[in-house]
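Student: I have a structure I would like to understand better, so I am pasting it below and will then ask my questions one at a time.
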Amino acid sequence: YALAHIDAAAFPVGLSFDAAAMAVIGGLGLLAGPVLGALYIAGLPRYLPLDNAGLMATALGWLLLVLYIPGGIAQLLRPIRDRILRIDPQPPAEDTDEDVEVGLAAGAVLERTLPAPAVAPGDVVLATTNLRKHFGGVVAVDDVSLEVRAGETLGLIGPNGAGKTTLFEVIGGFIPADAGTVTYAGRDVTALGAEARAGLGLVRSFQDAALFPTLSVHEVIQVALERAEPTRFLPSVLGLSGGEKNAARADALIELMGLERFRDKAVAELSTGTRRIAELACMLALEPTVLLLDEPAAGIAQRETEALGDLLIGIKQLLGLTLVVVEHDIPLVMRLADRVIAMETGRVIADGTPDEIRRDPEVIASYLGDDPTAVERSGAVKAGARG
């Protein structure tokens, strides 16, 4: 704003290094981190001019800080802050077993704080009409029309490249459709972005649980709760709670999902299966009506897959959710789904009950192979009632 004109000389490369260094040295993952880093990098030389030896010592200090104190200046100052404010530090998690089953807590209850769409059970809650998406000359989604009814679990299966994930991307609002419409709760949401659709209750997961690795399970759930109850800025910068409602609701979600033993454990320390459960808790924090689950069992052990199936059935029944599940684990899909849609090269080739899809000749030829028993090759899943 203060410059009469803009040229490259006004933005030297060093400014980019300074900005990155401020965040790293101050403390990544903390609101106060970049502020402390800016005071150190920009403020210290201004008010305490340093000679060459001082600059070398400062640079060496940066390197030592990054190597041995990855939390930055904020990590150094946290014990002082806790002592002044009389905050008891959380004890480290005692459990170190990564392959642990978690599940829905018995008698769990979770109340909504946001209004739910007025859709009666059995009515169409999500629909696509002649949906089409192409990338250059490749048609990823080819004239797909489908309906999902409230309270239903719909499974989407098909080989790699069938267009399942692209269909999710379009339904969730992450990429625009080239043609066709998406209707949610009787409303045309085709022009809405992903954030707006999630705000209405149409929430999507990803194949890789994209959670903040350095935050604890309790903290990442609080981040997801920000939409309903935003945290005040100043208490957050100072590291104070300032969001008692969110903290209490995060604890309720942790209890609901059976994650109590992992409450204060960093996301990076969790097994893939437990991280999936934490991601589900974050999705439930958005108070969805329809959950779009993209390969929820990808990368997790068979034991955890069985627990995940039980959990999905439980939360669907408890919260009255509608599930749309893309999954390559055929036994899991057949167990969960009330109805299954099979896709190939962007098109729907079959739509029916799990038993009908299992025996459909076109599905067998395109996805399961020539032998119908291939449907069991992804591993045996224990029998159980469908959600």
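Residue numbers for the sequence shown follow our numbering, so the first one is 615 and each next one is one higher.
Just so it is clear, CB atoms sit at the ideal spot from N, CA and C, and this is done for glycine as well.
#1: Is DSSP giving residue 903 helix, strand or coil here?
#2: Put residue 776 into one of helix, strand or coil per three-state DSSP.
#3: Grab me the residues of residue 828's own chain with a C-beta within less than 8 angstroms of its C-beta, minus the 5 sequence neighbours each way, in chain order.
#4: Using DSSP with H/G/I as helix, E/B as strand and the rest coil, what is residue 952?
#5: Are residue 739 and residue 762 touching if we call contact CB-CB under 8 angstroms?
#6: Could you tell me if residue 836 is buried or exposed, where buried requires 16 or more neighbouring beta carbons within 10 angstroms of its beta carbon?
#7: Which partner residues does residue 771 have in the DSSP bridge list?
#8: So, under 8 angstroms CB-CB, residue 768 and residue 955 are touching, yes? Tell me the CB distance rounded to an integer number of Å.
#9: Is it buried or exposed, residue 744, if we count other Cβ atoms within 10 angstroms and call 16 or more buried?
#10: For the putative contact between residue 746 and residue 805, defined by C-beta atoms under 8 angstroms, what is the C-beta separation to the nearest angstrom?
#11: Please say whether residue 819 and residue 893 have beta carbons closer to each other than 8 angstroms?
#12: Look at the Cβ atom of residue 960, then the Cβ atom of residue 777, and state whether they are nearer than 8 angstroms.
#13: Determine, using beta carbons only, whether residue 934 and residue 813 come nearer to each other than 8 angstroms.
#14: If you drop the 5 nearest sequence neighbours on each side, which residues of the same chain put their C-beta closer than 6 angstroms to that of residue 958?
#15: Whole angstroms are fine: how far does the CA of residue 834 sit from the CA of residue 912?
#16: Taking the CB atoms as reference points, tell me whether residue 950 and residue 927 lie closer together than 8 angstroms.
#17: Measure the alpha-carbon distance for residue 962 versus residue 799 and round it to whole angstroms.
#18: With H, G and I counted as helix, E and B as strand and the rest as coil, what does DSSP make of residue 859?
#19: Please state if the CB of residue 816 and the CB of residue 904 are separated by a distance shorter than 8 angstroms.
#20: Using the rule of at least 16 other Cβ atoms within 10 Å of the residue's Cβ for burial, across every protein chain shown, is residue 967 buried or exposed?
#21: Checking the sheet assignment: what are the DSSP bridge partners for residue 939?
#22: Compute every distance between the C-beta of residue 678 and the non-hydrogen atoms of the ligand MN, then say whether any falls below 7 angstroms.
Tutor: Taking the definition as stated:
#1: In the sequence shown, counting from the first residue as 1, residue 903 sits at position 289. Here residue 903 sits in coil by DSSP.
#2: As a first step, residue 776 is located in the sequence shown; it is residue number 162 there, counting from the start. Coil.
#3: By one-based count along the sequence shown, residue 828 stands at place 214. Closer than 8 angstroms at Cβ, skipping near neighbours: 642, 643, 880, 881 and 882.
#4: The count along the sequence shown starts at 1 and reaches residue 952 at position 338. Of the three classes helix, strand and coil, the one that applies to residue 952 here is coil, per DSSP.
#5: For the purposes of this step, residue 739 is taken as the residue at position 125 of the sequence shown. For the purposes of this step, residue 762 is taken as the residue at position 148 of the sequence shown. In this structure, residue 762 lies closer than 8 angstroms to residue 739 by Cβ.
#6: Within the sequence shown, the letter at position 222 stands for residue 836. Its Cβ being crowded by 16 or more others within 10 Å, residue 836 is buried.
#7: Taking the sequence shown and counting its residues from 1, the one referred to as residue 771 is at position 157. Answer is 956.
#8: The residue given as residue 768 occupies position 154 in the sequence shown. The residue given as residue 955 occupies position 341 in the sequence shown. With 8 angstroms as the limit, residue 768 and residue 955 qualify as a contact, their Cβ atoms being about 7 angstroms apart.
#9: Stepping through the sequence shown from its first residue, residue 744 is reached at position 130. Label assigned to residue 744: exposed.
#10: Mapped onto the sequence shown, residue 746 falls at position 132. Mapped onto the sequence shown, residue 805 falls at position 191. That pair is no contact at about 16 angstroms.
#11: The sequence position of residue 893 within the sequence shown is 279, counting from 1. The sequence position of residue 819 within the sequence shown is 205, counting from 1. Yes.
#12: Position 346 of the sequence shown holds residue 960. Position 163 of the sequence shown holds residue 777. Contact: yes.
#13: Position 320 of the sequence shown, counting from 1, holds the residue named residue 934. Position 199 of the sequence shown, counting from 1, holds the residue named residue 813. Against a cut-off of 8 angstroms, the Cβ pair of residue 813 and residue 934 comes out as no contact.
#14: Locating residue 958 in the sequence shown gives position 344, where the first residue counts as 1. Listed in chain order, the non-local C-beta contacts of residue 958 below 6 angstroms within the same chain comprise 772, 776 and 980, local neighbours out to five positions each way being set aside.
#15: Looking up residue 912 in the sequence shown gives position 298. Looking up residue 834 in the sequence shown gives position 220. In this structure, the CA atom of residue 912 is about 21 angstroms from the CA atom of residue 834.
#16: Start at 1 with the first residue of the sequence shown, and residue 950 comes out as number 336. Start at 1 with the first residue of the sequence shown, and residue 927 comes out as number 313. In this structure, residue 927 lies closer than 8 angstroms to residue 950 by Cβ.
#17: Locating residue 962 in the sequence shown gives position 348, where the first residue counts as 1. Locating residue 799 in the sequence shown gives position 185, where the first residue counts as 1. Cα to Cα, the separation comes out at about 23 angstroms.
#18: Counted from its first residue, the sequence shown places residue 859 at position 245. The DSSP-derived three-state label of residue 859 is helix.
#19: What you label residue 904 is simply residue 290 of the sequence shown in a count that begins at 1. What you label residue 816 is simply residue 202 of the sequence shown in a count that begins at 1. Yes; because the gap between Cβ atoms is below 8 angstroms, this pair is in contact.
#20: Here residue 967 is taken as the residue at index 353 of the sequence shown, counted from 1. Classification for residue 967: exposed.
#21: Locating residue 939 in the sequence shown gives position 325, counting from the first residue. Answer is 769 and 907.
#22: Of the ligands one can find in the structure shown there are none, so the ligand MN has no counterpart to examine.
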